[in-house]
Amino acid sequence: MSDQIHFIVEKLNQEPFRKNYSLITFDSLESVQLLQLLSDVLGEIDPKHAVDIREELPEQTAKRMLSLLGILKYKPPGSVSDVSAFRQGLVTGSKPVIHPLLHWLLQRTHELKKRAYLARFLVKLEVPAEFLQDDTVADNNEQYEEMMGAFKNLHKECEQLKISGLSTAEIRRDISAMEEEKDQLIKRVERLKKRVETVQNHQQMLEIARQLRLEREGEESLAQQKQEQKNQLFHAEQRLQRAQFQLKEMHHAVVDSKPESLMKKLEEEINFNSYLVTEKMPREIESKNNSIYFLQKVAAEPAMSQSDLDVLESKINEVNAEINQLIEKRMMKYEPIDNKFLMYRQQASIVSRKKEAKAEELQAAKEEMSSTEREMLEKTNQARELGGSEVLKGDELKHYVNKLRSKNTFYKKKRQEIAEITAECGVLQRTEELLQQRHEALQQQLQSIEDKKGISGYSYTQEELERVSAVKSEMDEMKGRTLENMSDMVKKLNAVVAEKKASLAPVIKELRQLRQKSQELTQECDEKKIQYDSCAAGLESNRSALEQEVKGLLEEYVQEESNYRYINCTKRNLEVQLERAKEEMKACVSPDPQERRKTIREQYTRIILEHENLGKKLREKQKVVRESHGPNMKQMKMWQDFEQLMKCKRECFLKQQQETAIGQVIQEEGKDRLVL
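In this text, residue positions in the sequence shown follow the numbering used here: the first is 304, and each later residue adds one.
Next up, the structure:
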């Protein structure tokens, strides 16, 4: 623990905090100062949390810190109970909670800064599934997810560039190398221009090559447009599928349904919600408030020792014993009618508990159903992104399996052909090696014969002449073929362009039909949505009227209940006061002197007499003090003068002793000099 505190103090005294703490001053910080210090450290990690905690409520401070710690993935040590203790300690500024947290934050500040920065862009906003049914919200959500993915890729590239460690010198070398390559390419282009100028009709060929390049660029742009239109078509199909899904759900809801059944469902839902609002939620809120009140009361009390706890336990046992006695007395006083009422009360409590349990089960089932629908929608979207538009079923699945089998047989056949070709290639390579060895042996034999005849190099010269003549003939043929190839290429390009236009025409026509169909479906969906909105508005108005009526009745009930309680309390107070007045009158009229002494009148009379006697004694004492004040002051002055006189004598005596000591030292030095 001391090493931990030493590390925290050392880090806080460095940049950027510069707190100038010592171990003692840090250990003596109060809870509010510790919380402010923790907020400063969190503000260094995330600038949004650089806040003065005195300007916000403790609940807001705890919520803000817990949210950031959750993003930073801080795990408090211990079990679930320790987690709740950690939250309580964070609210109160407990040292056993704050010190390990500061140690963890200051150990990995740079890493946590990076994590907090990424959290601003990568913490996904969860949109409910019912909102995603809207096309605009769904498109915005998809765009949001795409931008999040793009940010992830850019951040990874940035980190890789930082890790790669490219220096300016390397970049300059790369630039110089690219400039040299550029110069070489320019020279090469000039040489090619000079060679082309000697060819006939070179301008026409250059024009044809330029048109070829333009056609290729046009082909690329058309391919890009085709891909964009495919993407638009895919998004339109997705919107169409969502609209069909909504329409199917509405059809399922409308089939075999009547206004009476719809009203019955709405009444059941309203009854369930009203039960939650009027009975369940208030009880839960009241229990939570009571627990919070008791916890705050316990936290506000000072620390208790074991003896205090023993006293409280004894008091609790006594109170429990009294409660048991009262219950027994009450049970003894009960009549048979009350026993019947007790049975009915027990049955009512059992029914209410069952009702609460069923309401909780219903609410849990609704939450589970919504989460399951959300998960189903996510899985459907993932399946569409990965494997196509829809999940295959029935005949389509059989057709797909047969297609896979045919492809598998085709793959095995091609794989066997590749194996045969590979084996044949190995045989041909071995044959080539043998022929090469035989050729080298013949060449050596021919060279030895030429050396014997005195005409060494003849075969090599003859081969070179043949090779040069073959190269010349190939170049001539190549020049002739180049012109033919260029003309053939232009014809092919024109044919390809015409073919592409012809192949794209039905696709564009189909796309127009799909757009028209999409517009019709969108219009139909809008009409259905208007009908749904009108029906929902009518039901919502009825529900709001019922809610207002219920709210008014609740307020009236609360007001009447408060009036009843106030009147009841007032009645009890008046009864107590009347009882006390009767007892007082009875005691005053009683002939017994002991009873009279117990009356409030006699008690106050005795208290008045005691205070009068005390006042007389104090006045006499004041008189004595006033008479002796002057002589006492004179005597105190004399003692002060005497004390000052004794101080002066002491100073004179000390001064005289110092002078005599100095004289003796001088005399001894003089004697020593005389002896020398």
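Backbone N, C-alpha and C fix where the C-beta goes; we use that ideal spot for every residue, glycine too.
> Apart from the five residues on each side of it in sequence, which residues of its chain come closer than 6 Å, Cβ to Cβ, to residue 504?
Replying inline: For the purposes of this step, residue 504 is taken as residue 201 along the sequence shown, with counting starting at 1. Contacts found: none.
> Within 10 angstroms of its Cβ, does residue 450 collect 16 or more other Cβ (buried), or is it exposed?
Replying inline: For the purposes of this step, residue 450 is identified with residue 147 of the sequence shown, where counting begins at 1. By the beta-carbon neighbour count (other beta carbons within 10 angstroms, threshold 16), residue 450 is exposed.
>> Give me, in chain order, the residues of the same chain whose beta-carbon lies closer than 8 Å to that of residue 392; leave out the 5 immediate sequence neighbours on both sides.
In response: In the sequence shown, the residue the question calls residue 392 occupies position 89. A distance below 8 Å between beta-carbons, with the five flanking residues on each side excluded, links residue 392 to the following residues of its chain, in chain order: 399, 400 and 401.
>> Need the endpoints of the alpha helix (DSSP H) that residue 351 sits in, please.
In response: Your numbering for residue 351 matches position 48 in the sequence shown. Element bounds for residue 351: n/a, residue is neither H nor E.
> Is there contact here, the segment 402-414 with the segment 794-809, by at least three beta-carbon pairs under 8 Å?
Replying inline: Under the three-pair Cβ rule at 8 Å, the segment 402-414 does not count as touching the segment 794-809.
> Do you know how far the Cα of residue 702 is from the Cα of residue 709?
Replying inline: Translated into positions along the sequence shown, residue 709 becomes position 406. Translated into positions along the sequence shown, residue 702 becomes position 399. For residue 709 and residue 702, the distance between alpha carbons rounds to 11 Å.
> How do the segment 518-533 and the segment 424-439 stand: do at least 3 beta-carbon pairs fall below 8 Å, yes or no?
Replying inline: By the Cβ rule, the segment 518-533 does not count as touching the segment 424-439, because fewer than three pairs are nearer than 8 Å.
> How close, in whole Å, do the beta carbons of residue 436 and residue 545 come, if the pair is a contact with beta carbons under 8 Å?
Replying inline: Taking the sequence shown and counting its residues from 1, the one referred to as residue 436 is at position 133. Taking the sequence shown and counting its residues from 1, the one referred to as residue 545 is at position 242. Between residue 436 and residue 545 a beta carbon distance of about 7 Å is seen, short of the 8 Å cut, so the two are scored as contacting.
> Unbroken alpha helix (DSSP H) runs of length 4 or more, entirely within the segment 523-607: which are they?
Replying inline: Runs of the alpha helix (DSSP H) inside the segment 523-607: 562-578 and 584-603.
> Is the CB-CB distance between residue 415 and residue 356 below 8 Å?
Replying inline: Stepping through the sequence shown from its first residue, residue 415 is reached at position 112. Stepping through the sequence shown from its first residue, residue 356 is reached at position 53. Not closer than 8 Å, so no.
>> Could you check whether residue 343 and residue 320 sit closer than 8 Å to each other, using their CB atoms as the reference points?
In response: Working through the sequence shown from its first residue, we reach residue 320 at position 17. Working through the sequence shown from its first residue, we reach residue 343 at position 40. In this structure, residue 343 lies closer than 8 Å to residue 320 by Cβ.
>> If distances are taken between C-alpha atoms only, which option among 364, 571, 707 and 792 comes closest to residue 519?
In response: As a working mapping, residue 519 is identified with position 216 in the sequence shown. Closest option to residue 519, Cα to Cα, is 792.
> Between which two residues does the alpha helix (DSSP H) containing residue 400 stretch?
Replying inline: By one-based count along the sequence shown, residue 400 stands at place 97. 398-410 is the extent of the alpha helix (DSSP H) around residue 400.
> Are the Cβ atoms of residue 394 and residue 350 separated by less than 8 Å?
Replying inline: Walking along the sequence shown from the start, residue 394 turns up at place 91. Walking along the sequence shown from the start, residue 350 turns up at place 47. Result no, Cβ atoms of residue 394 and residue 350 do not sit closer than 8 Å.
> Got a sec? Which residues, its chain only, sit under 8 Å from residue 515 by beta carbon, not counting five neighbours each side?
Replying inline: For the purposes of this step, residue 515 is taken as the residue at position 212 of the sequence shown. Taken in chain order, the residues that qualify are 792, 793 and 796.
>> Could you tell me which whole alpha helix (DSSP H) segments of length 4 or greater appear in the segment 872-922?
In response: Secondary structure remark: continuous alpha helix (DSSP H) runs of at least 4 residues inside the segment 872-922, in chain order: 896-900.
> Taking the Cβ atom as the reference point for each residue, do residue 334 and residue 396 lie within a distance shorter than 8 Å?
Replying inline: The sequence position of residue 334 within the sequence shown is 31, counting from 1. The sequence position of residue 396 within the sequence shown is 93, counting from 1. Against a cut-off of 8 Å, the Cβ pair of residue 396 and residue 334 comes out as a contact.
> Can you round the beta-carbon distance between residue 508 and residue 789 to whole angstroms, since I take them to be within the 8 Å contact cut?
Replying inline: Locating residue 508 in the sequence shown gives position 205, where the first residue counts as 1. Locating residue 789 in the sequence shown gives position 486, where the first residue counts as 1. Correct: roughly 6 Å between the Cβ atoms.
>> For chain B, check one thing: does any of its Cβ atoms lie closer than 8 Å to the Cβ of residue 562?
In response: Of the protein chains in this structure there is only one, and it is not chain B.
> Can the beta-carbon of residue 832 be found closer than 8 Å to that of residue 550?
Replying inline: Position 529 of the sequence shown, counted from the start, is the residue given in the question as residue 832. Position 247 of the sequence shown, counted from the start, is the residue given in the question as residue 550. No, the Cβ-Cβ distance between residue 832 and residue 550 is not below 8 Å.
>> Distance check for residue 952 and residue 935, CA to CA, integer angstroms please.
In response: The residue you call residue 935 lines up with position 632 of the sequence shown. The residue you call residue 952 lines up with position 649 of the sequence shown. Our two residues, residue 935 and residue 952, have alpha carbons roughly 26 Å apart in a direct line.
> On the three-pair Cβ rule with 8 Å, is the segment 573-589 touching the segment 834-854?
Replying inline: Result yes; three or more Cβ-Cβ pairs closer than 8 Å.
> What is the residue span of the alpha helix (DSSP H) that residue 328 lies within?
Replying inline: Mapped onto the sequence shown, residue 328 falls at position 25. Element bounds for residue 328: 326-330.
> Going straight from the alpha carbon of residue 743 to that of residue 730, what length do you get?
Replying inline: What you label residue 743 is simply residue 440 of the sequence shown in a count that begins at 1. What you label residue 730 is simply residue 427 of the sequence shown in a count that begins at 1. A direct Cα-Cα distance of roughly 20 Å separates residue 743 from residue 730.
>> Does residue 314 come out as helix, strand or coil in the three-state DSSP assignment?
In response: In the sequence shown, residue 314 corresponds to position 11, counting from 1. Looking at residue 314 - three-state DSSP - the assignment turns out to be helix.
> Thinking just about the alpha-carbon of each residue, which of 363, 326 and 316 is nearest to the one in residue 338?
Replying inline: To locate residue 338, count along the sequence shown from 1; it is residue 35. Cα-wise, what sits closest to residue 338 is 363.
> Unbroken beta strand (DSSP E) runs of length 3 or more, entirely within the segment 694-779: which are they?
Replying inline: The qualifying runs do not exist here; there are none.
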